[in-house]
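Asker: Here you go, one structure.
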Amino acid sequence: MMQFEFKPKWKEELVCSCAVGSFLLDMPMGVVSVYLPTKDRWQEVAPQWALELWDVLFPQLQEWCERRKIPLYLDAASYAVSWTP
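Everything in the sequence shown is counted per the working numbering, starting at 63 for the first residue and increasing by one.
Okay, here's the thing in structure tokens:
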């Protein structure tokens, strides 16, 4: 199974990385939280290589957020932007 790594990034973003690439999710710092596009929205905004990975990403991100007591919101207006370190 694909393993994701999560790292907060300056400018209120969360870097999500795995063996095939990285992308950014919205992570506001005023009230720390993470916004993941809904599964339907994911098909519109995710990098091409990640389109089929929502079901893998979601539980890993949910666990990461829970361990840190960070709210995770599924948001139909959210984004996922390709990112290269």
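Where is the CB? At the ideal position from N, CA and C, for every residue including glycine.
For V93 versus L76, is the C-beta spacing smaller than 8 Å?
Answerer: Residue numbering aside, residue 93 sits at position 31 when the sequence shown is read from its first letter. Residue numbering aside, residue 76 sits at position 14 when the sequence shown is read from its first letter. Going by C-beta atoms, V93 is not nearer than 8 Å to L76.
Asker: Q122 and F66 look like a contact to me (Cβ under 8 Å); what is the Cβ gap, rounded to whole Å?
Answerer: Locating residue 122 in the sequence shown gives position 60, where the first residue counts as 1. Locating residue 66 in the sequence shown gives position 4, where the first residue counts as 1. 5 Å between Cβ atoms; contact.
Asker: Roughly how many angstroms separate the alpha carbons of W72 and R129, rounded to a whole number?
Answerer: What you label residue 72 is simply residue 10 of the sequence shown in a count that begins at 1. What you label residue 129 is simply residue 67 of the sequence shown in a count that begins at 1. Their backbone Cα atoms lie some 21 Å apart in a straight line.
Asker: Taking just the CA atoms, how far does V107 sit from E125?
Answerer: On the sequence shown, position 63 is the one that residue 125 refers to. On the sequence shown, position 45 is the one that residue 107 refers to. Those two C-alpha atoms are separated by around 23 Å.
Asker: Report the partner residues of K73 according to the DSSP bridge assignment.
Answerer: Locating residue 73 in the sequence shown gives position 11, where the first residue counts as 1. In the DSSP output, where bridge partners are listed per residue, K73 has none listed.
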